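Report on the structure given below.
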Amino acid sequence: MDSTMWLYIALGIFVLGLIIAIVGVVMLISGIKEPVKKMKGSANNLKERVDKLNLEVTTLSHTANELKEDVQVKSEKVGTLVDAAKGTLNSVVDLNATVRSITGDITTRVDRDKRNIAEVNQYSNTAIGLVDMIKNRKLPNKSNSTYSPTNMPDVKEY
Numbered sequence: 001m002d003s004t005m006w007l008y009i010a011l012g013i014f015v016l017g018l019i020i021a022i023v024g025v026v027m028l029i030s031g032i033k034e035p036v037k038k039m040k041g042s043a044n045n046l047k048e049r050v051d052k053l054n055l056e057v058t059t060l061s062h063t064a065n066e067l068k069e070d071v072q073v074k075s076e077k078v079g080t081l082v083d084a085a086k087g088t089l090n091s092v093v094d095l096n097a098t099v100r101s102i103t104g105d106i107t108t109r110v111d112r113d114k115r116n117i118a119e120v121n122q123y124s125n126t127a128i129g130l131v132d133m134i135k136n137r138k139l140p141n142k143s144n145s146t147y148s149p150t151n152m153p154d155v156k157e158y
């Protein structure tokens, strides 16, 4: 056998190997098509889920920001209400102190000035007399009654 023959045999083996390799690659590619389609479908499904998760995260973030703003506004309103309540309490305490001071001052003045007591009594008697006179006018069976005020008694000043 000469070398040309060996060359043809080698070429034939090479071509046969090449054909077997090409057939193997074609079979591999055709066998991989189905799993690749499944992987592509899974990837699309995963992408859709990720998009939905991103949308939900965006919605939750927006809702959380709204809640944060709402809590902040309500916190400010509660703070204002607490400040107003403190101010009201301070006003009531101040008013109570003022009333006590005025009452104490009036008590002290009345105790010091007995003439004022007599005047108050006279004014009270006059007011009672006026009320009685008005009652008598309303009653038809009584005739013209007149009012005569009582004189102020002499009181010694202390």
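Just so it is clear: in the sequence shown, position 118 is 118 by full-length UniProt numbering, and no numbers are missing. Cβ coordinates follow ideal geometry from the N, Cα and C atoms, glycine included. Keep in mind the model is a prediction, meaning the values are calculated, not measured.
Residue i versus residue j: straight-line alpha-carbon distance, rounded
i      : j      : result
Glu34  : Ala21  : 21 Å
Ile13  : Gly41  : 42 Å
Asp105 : Val93  : 18 Å
Val120 : Thr126 : 10 Å
Lys74  : Leu89  : 22 Å
Leu18  : Gly24  : 10 Å
Val99  : Ser91  : 12 Å
Met27  : Asn45  : 28 Å
Lys16  : Trp6   : Reading off the sequence shown, one finds Leu at residue 16, where the question assumed Lys. Roughly 15 Å between the two C-alpha positions.
Ile29  : Tyr8   : 31 Å
Gly129 : Asn96  : 35 Å
Arg137 : Tyr123 : 21 Å
Glu76  : Met39  : 54 Å
Glu56  : Val50  : 10 Å
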